[in-house]
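So the structure is just underneath, and the comments pick up after that.
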Amino acid sequence: MALDAKTLAPKKLRGLTEILSPLGEVNGVQDYLLADRHGRILARKPDSLWKEEIAVAWARDVVQAAEIFASLSPADSDERVFHFRFEGAVLLVWDLGSAFLLALCSDEANLSIARMTANVVKEELKKDKQFRMYFDRPAGSHFTLLAKEAVGSELYKCVEALK
Amino acid sequence: MALVGDLKDLNIATIVQLNCVEKNTAQLTVTTRKGPAAIFFNKGEIVDAKFAGERGQDALYRILSLTEGEFRVTPITPPEAGERTIFTSWEGLLLEGMRVIDEAEKGKTRIAQSVGKELDNTPEVECYVIASKKGEVIVTNRAEQAEKLAAAAVLLAWKGQEISSRTALGEMCFSTLLAKKRLTFFMNCGGLVAAIVAGKPAVSEPLYALVDNIREKLKYCELMHLRHEAEVAR
Numbered sequence: 004m005a006l007d008a009k010t011l012a013p014k015k016l017r018g019l020t021e022i023l024s025p026l027g028e029v030n031g032v033q034d035y036l037l038a039d040r041h042g043r044i045l046a047r048k049p050d051s052l053w054k055e056e057i058a059v060a061w062a063r064d065v066v067q068a069a070e071i072f073a074s075l076s077p078a079d080s081d082e083r084v085f086h087f088r089f090e091g092a093v094l095l096v097w098d099l100g101s102a103f104l105l106a107l108c109s110d111e112a113n114l115s116i117a118r119m120t121a122n123v124v125k126e127e128l129k130k131d132k133q134f135r136m137y138f139d140r141p142a143g144s145h146f147t148l149l150a151k152e153a154v155g156s157e158l159y160k161c162v163e164a165l166k
Numbered sequence: 003m004a005l006v007g008d009l010k011d012l013n014i015a016t017i018v019q020l021n022c023v024e025k026n027t028a029q030l031t032v033t034t035r036k037g038p039a040a041i042f043f044n045k046g047e048i049v050d051a052k053f054a055g056e057r058g059q060d061a062l063y064r065i066l067s068l069t070e071g072e073f074r075v076t077p078i079t080p081p082e083a084g085e086r087t088i089f090t091s092w093e094g095l096l097l098e099g100m101r102v103i104d105e106a107e108k109g110k111t112r113i114a115q116s117v118g119k120e121l122d123n124t125p126e127v128e129c130y131v132i133a134s135k136k137g138e139v140i141v142t143n144r145a146e147q148a149e150k151l152a153a154a155a156v157l158l159a160w161k162g163q164e165i166s167s168r169t170a171l172g173e174m175c176f177s178t179l180l181a182k183k184r185l186t187f188f189m190n191c192g193g194l195v196a197a198i199v200a201g202k203p204a205v206s207e208p209l210y211a212l213v214d215n216i217r218e219k220l221k222y223c224e225l226m227h228l229r230h231e232a233e234v235a236r
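So the sequences go chain by chain: A and B.
By my numbering, the letter at position 41 of the first sequence is numbered 44, and the numbering carries on one by one without gaps.
By my numbering, the letter at position 92 of the second sequence is numbered 94, and the numbering carries on one by one without gaps.
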C-alpha cells in the first residue's frame, strides 16, 4: 500500500511495521497503528480497513482523547491504558510516553490475547534503537491538539478546567 | 433565502419564536445524531413537527430540548407544510415546551442523585461525578476533583462521538482509563456525562456490570420518559 507523507515515519523507523505485525495475527484485531503525540501515523497495518484520510483523522481523535486522559494521571505514573467501548468494537490504546499504540478489536476478539500481544510488541519497540532515539525526545506540553481553534470556544472551557 | 446556523449560536426557542412573530411559512430542519428534526410553520403558526419517529406535539417538545446541531430555515409553500398535526397556539406550545424541559432538568437531577446514592454504597468506587453536558456538576462525592473529572467526561463524550462517526463503530458506550491501579469510567447517557473512579479490583466484571446498570438508569433521563412521568403525576 502506498503511504503518503502524512503517515510516513522517518525512513529509519520503517521497520516499525514489522514490529507491529504480530497484532495482525490475533483473531478479532481488525486494525492497528502507531501514532506520535502530534497524531501523525508512524506505522499501520499493511491491509488497513481505513482509507488514508480516515486513519489520519482517527489517529488525531485518539491522540486528543489521550491528552484528556493524560491530564488525569501524572506523567510519571504507571503505564496508561485507555479503552473506548463502542456498540460493536473495542478500541485499545496504550500510552507509550511519546507515542500511542492503537488496536481496534471486534466484540469476538480475545482481549486478553490482544493485550498480551501488545505487551510483546511494546517490549520489541523499546528494544529498537531507532525507536528509542526517536521517542526519547521530550514529549512536549499537553493539550497540543486541544487548542481553542481545534475544539471551539465552548468546549475549550473544559480544556481549561483540565489544566 | 435559507437561514443556516448552529444551535450553539442561536437557541431553538428563539428560532421558533422568530418564525412565528414574522408569520413565516417555512420549514425548520435541525441535523441531529438521531436523524433530521423538522418543524413546519404556516403563516406563523406551528402546524407540524417530526423527529425520531414521533410526530406532532411530542416531537415538537423533543425538538425544543435540542441544544446541538446545524439548523436551516427554508421558505415553503403551504401544501409543503403537509397534514396539520398541531393546533395549539405557538405561545402556548413554547410555554408548555419550556415547562417540559424544566421538568426534564429536575428529573435529571433526581436520577443523578439516585445514581449517586447507589455509587456511595459501592465500596470499590472511590470518587464519582455526574454532570450536565456543559460540565456543570450535579452530584459528586469528591468536590475537589469534580470539576476536572466533569470536564474530562464532557470532552471524552465529544471525542467518542467524533471517533464513532468517522469510523462507523456505532455509538460509544463508555471509555476507561487504567492508570496508577485505578480504573476510571467515563460515559455519556441521557443528556448527562459521568465519571466513576474505582480501585482496580482483581476481577473487573462486577464493575463493568455496575457501569452498565448506571448507564441504563441515566438513559431514563431522556426527555420523553420524563414527560410521560410528568403527565402521569398530574
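A virtual CB, placed ideally from N, CA and C, is assigned to each residue, including glycine.
Proximity to B:N143 across B:V131, B:T90 and B:I41 peaks at B:V131, based on C-alpha coordinates. Listed along chain A, the residues sitting closer than 8 Å to B:G137 by beta-carbon distance are K160, C161 and A164. Within chain A, the residues placing a beta-carbon under 8 Å from that of B:R168 are I57, A60, W61 and D64, ordered along the chain.
Between A:V59 and A:I71, the gap from beta carbon to beta carbon reaches 8 Å or more.
Taking 8 Å as the cut-off, the beta carbon of B:V141 is found no closer than this to the beta carbon of A:C161. Under the Cβ distance rule, B:V205 does not count among the residues neighbouring chain A, no pair being separated by less than 8 Å. Cβ neighbours of A:A46 within its own chain (closer than 7 Å, five residues either side excluded): A12, L19, T20, L23, L36 and L37. At least one CB atom of chain B sits nearer than 8 Å to the CB of A:R88.
Straight through space, the alpha carbons of B:W160 and A:Y159 are spaced by roughly 12 Å. For A:W97, the secondary structure class from DSSP, reduced to helix, strand or coil, is strand. Ranked by Cα distance from A:W61, the options A:L148, A:K129, A:K166 and A:E157 are led by A:L148.
Closer than 7 Å at the C-beta level to chain A, one finds these residues of the segment 148–162 of chain B: E149, K150, A153, A154, V156, L157, L158, W160, K161 and G162. Using a 10 angstroms sphere on the CB of B:T169, the tally of other CB atoms reaches 16 or more, which defines it as buried. Burial check for B:L121: the Cβ neighbour count within 10 Å reaches 16 or more, so the residue is buried. The segment 123–197 of chain B is shown to contain whole beta strand (DSSP E) runs of 3 or more residues at 127–134, 139–142, 174–181 and 184–191, in chain order. Using a CB distance cut-off of 8 Å, B:M100 does not count as an interface residue toward chain A.
Using beta-carbon distances, A:F146 does not count as an interface residue toward chain B, since no partner is under 8 Å.
By DSSP's assignment, B:T31 forms a beta bridge with B:A40 and B:R74. At a beta-carbon threshold of 7 Å, the residues of chain B lying near A:A92 are L171, ordered along the chain. Taking one beta carbon from each stretch, the segment 67–86 of chain B and the segment 23–36 of chain B have 3 or more pairs nearer than 8 Å; the two touch. Your pair B:I41 and B:A54 does not check out as a contact, with CB atoms roughly 14 Å apart and the cut at 8 Å. Secondary structure of B:L68 (DSSP, three-state): coil. Under the Cβ criterion of 8 Å, A:E157 is counted among the residues facing chain B.
The beta-carbon distance between B:K135 and B:G193, rounded to whole angstroms, is 6 Å. This is short enough to meet the 8 Å contact definition.
For the 8 Å CB-CB criterion, B:L220 and B:A196 form a contact.
At a cut-off of 8 Å, the C-beta of A:I71 has a neighbouring C-beta in chain B.
In the assembly as shown, B:G109 is a buried residue. Its beta-carbon has 16 or more other beta-carbons within 10 Å. In the displayed model, A:R40 falls within coil according to three-state DSSP, outside both helix and strand.
Looking from the CA of A:H41, the closest CA among A:D131, A:Q67 and A:S74 belongs to A:Q67.
Proximity of B:M3 to chain A, defined by a Cβ-Cβ separation below 8 Å, is not satisfied. Just so you know, the alpha carbons of A:K151 and A:L104 end up roughly 26 Å apart.
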